Each structure stands twice: as C-alpha cells, then as structure tokens.
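Peer 1:
Residue numbers (our numbering): 135 to 378.
(1) Spatial neighbours of residue 237 within its chain, please: C-beta separation below 7 Å, excluding the five flanking residues on both sides.
(2) By Cβ distance, which residues of its chain are closer than 7 Å to residue 174, with the 5 residues on each side in sequence left out?
(3) Please report the distance separating the alpha-carbon of residue 180 from that of residue 170.
(4) Sorted by chain position, which residues of the same chain lie with C-beta nearer than 7 Å to residue 159's C-beta, five sequence neighbours on each side aside?
(5) Is it the case that the Cβ atoms of residue 193 and residue 243 are separated by a distance below 8 Å?
(6) Could you check how far apart the C-beta atoms of residue 211 and residue 221 are, in whole angstroms? I think they sit under 8 Å.
(7) Thinking just about the alpha-carbon of each residue, which of 297, 167, 223 is nearest to the one in residue 291?
(8) Taking the alpha helix (DSSP H) that residue 238 falls in, what are its first and last residues?
(9) Using the Cα positions of residue 300 and residue 231, report the straight-line distance between them to the nearest angstrom.
(10) Taking only the alpha-carbon atoms, compute the straight-line gap between residue 166 and residue 247 and give it to the nearest angstrom.
(11) Measure the Cβ-Cβ separation of residue 201 and residue 233 and say whether it is below 8 Å.
(12) Assign residue 245 to buried or exposed, taking buried as 16 or more other Cβ atoms, counted over all protein chains shown, within 10 Å of its Cβ.
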C-alpha cells in the first residue's frame, strides 16, 4: 500500500493517475504522428516532389518531439522517485503553454498544406496529391486530439501550481504556530507576516491580541459553561430594543 503523500496514495492517487493516463495517451499520439509523418515524408521524397509538401513538418515535428521528450522525463521522475515525483508544476505551465501555441501553429500549417483540386501541386503531381491528401487529413485529426490532451495537461499544471503555493503558505503558518506559546496566541499581524515573509512586515501593535475566553469549556468544544451573573443579560430584550 502506498504511503501517505506518495504518488499513488489515496489522497492524490486519482489526480495523479489521471495525469499519468493523459501522458500515456499523449505519448501514443506522438508515436502515431511521427510514424505517419515518416511515411508521408518517404512517399514525397521518393517521388521527387516539391519541398512545400513537407513545409508543415518543420512546425509539427519539433513540437511532437519536445512533447515526447517531456513525457519521457516525467515518466522517469515518476518511477525513480516515490514521494512528490515529477517535474515542478510551474515548469509544466511554461512548457505546456509554449507547446499549446506550437500545436495551434502546426494545425494552421497542416490545414494549409492539404493539396486541393486548384492547387498547383495537384497539377504537377496529380497522383501524389491524391495519396498525400488523406495522410495530411489523418495527421490533422491526431494533432487536434494531441492539442486537446496537452491543453488539459496545461490546466492540470496550473491547478498543481496553485496547490503547491497554498501548501507552502500553510506550512509557514503551521511552523509559526508551533513556535508560539499556547498561552500567547498569534495575532493577525503575525499570521500575515508568516504567510508573506518577503513583504514588509506589519507592526504587531496595529492589531489587538486575540481575546481568550475567561471561562473554562467542557470537553466538547460546542458547549460552554454558564456565564457568571455579572456577564449575563438579565433585562427584558424586547423592551431594550424598543427603547433603542
């Protein structure tokens, strides 16, 4: 059974498994796109066709190869480390954002590279255009799915970054609370200074000290002892409200 805080733990297991499955899908799509692109390139090169048939791969293949390398590094980190595996979530935001822009650019060039009936390439290479056209459409289909998967991973990276920053702030608060005496509770200024250590600290005297109850409580926190007579309101509440 996985330990608490590990990659497959109950608390984070579903979230991490979803990311793991998405990266597996992304890796499979990358292999398919690379395979079809190689077949397309060999077919075009063997017919001595115009280089514009391959212009779209100048934008598509680099993005696919970078994404494949990123997924491979992530898988290595997952299986090599047992706790807090993977790359920093902030790194994923930057890389996935760049890859998302590259995927959109690749889709634009892929769409424009499909030979049509009125394309000059269809005039000079009619047989080749008929074979290349379905390959280009197939690549557009898989690159579109690939772009959606990478966008979801970008969203997951944003959520992980927010969780990472929140956990760091909570850790600072807990550490500061442990340093305080139980009879001297923290003031809001101390909490603010603990959460934002790099900002200008707030003077402690600007906030009043937290007021502790003057009476003892029962074992259950939702019940309190009866207040002393000098702290009770013994008057008639409706009459008091009318007079005010």
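Note that beta-carbon positions come from the ideal geometry of N, C-alpha and C, so glycine has one too.
Only a predicted model underlies this, so the values are computations on that prediction, with no experimental measurement involved.
Peer 2: So, from the listed chains and residues:
(1) For this step, residue 237 is matched to residue 103 along the chain shown. For residue 237, the CB contacts under 7 Å within the same chain, skipping 5 residues up- and downstream, are 197, 277, 280, 281, 284 in chain order.
(2) The sequence position of residue 174 within the chain shown is 40, counting from 1. Excluding residues within five positions, the ones whose Cβ falls inside 7 Å are 266, 269.
(3) Against the chain shown, residue 180 aligns to sequence position 46. Against the chain shown, residue 170 aligns to sequence position 36. Each residue's Cα considered, the two are about 15 Å apart.
(4) For this step, residue 159 is matched to residue 25 along the chain shown. Within the same chain, residue 159 has close Cβ partners 283.
(5) On the chain shown, position 59 is the one that residue 193 refers to. On the chain shown, position 109 is the one that residue 243 refers to. Yes, these two residues count as a Cβ contact at 8 Å.
(6) Position 77 of the chain shown, counted from the start, is the residue given in the question as residue 211. Position 87 of the chain shown, counted from the start, is the residue given in the question as residue 221. Their Cβ separation, rounded to whole angstroms, is 6 Å, which keeps residue 211 and residue 221 in contact under 8 Å.
(7) Translated into positions along the chain shown, residue 291 becomes position 157. With distances taken between CA atoms, residue 291 lies nearest to 223 out of 297, 167, 223.
(8) The residue labelled residue 238 in the question sits at position 104 within the chain shown. From DSSP, the alpha helix (DSSP H) with residue 238 extends over 223-246.
(9) As a first step, residue 300 must be located in the chain shown, where it is residue number 166. As a first step, residue 231 must be located in the chain shown, where it is residue number 97. The alpha-carbon atoms of residue 300 and residue 231 are separated by roughly 22 Å.
(10) Taking the chain shown and counting its residues from 1, one reaches residue 166 at position 32. Taking the chain shown and counting its residues from 1, one reaches residue 247 at position 113. So the alpha carbons of these two residues sit roughly 19 Å apart.
(11) Mapped onto the chain shown, residue 201 falls at position 67. Mapped onto the chain shown, residue 233 falls at position 99. Yes, these two residues count as a Cβ contact at 8 Å.
(12) On the chain shown, position 111 is the one that residue 245 refers to. Taking all protein chains shown into account, residue 245 has fewer than 16 neighbouring C-beta atoms within 10 Å of its C-beta and is therefore exposed.
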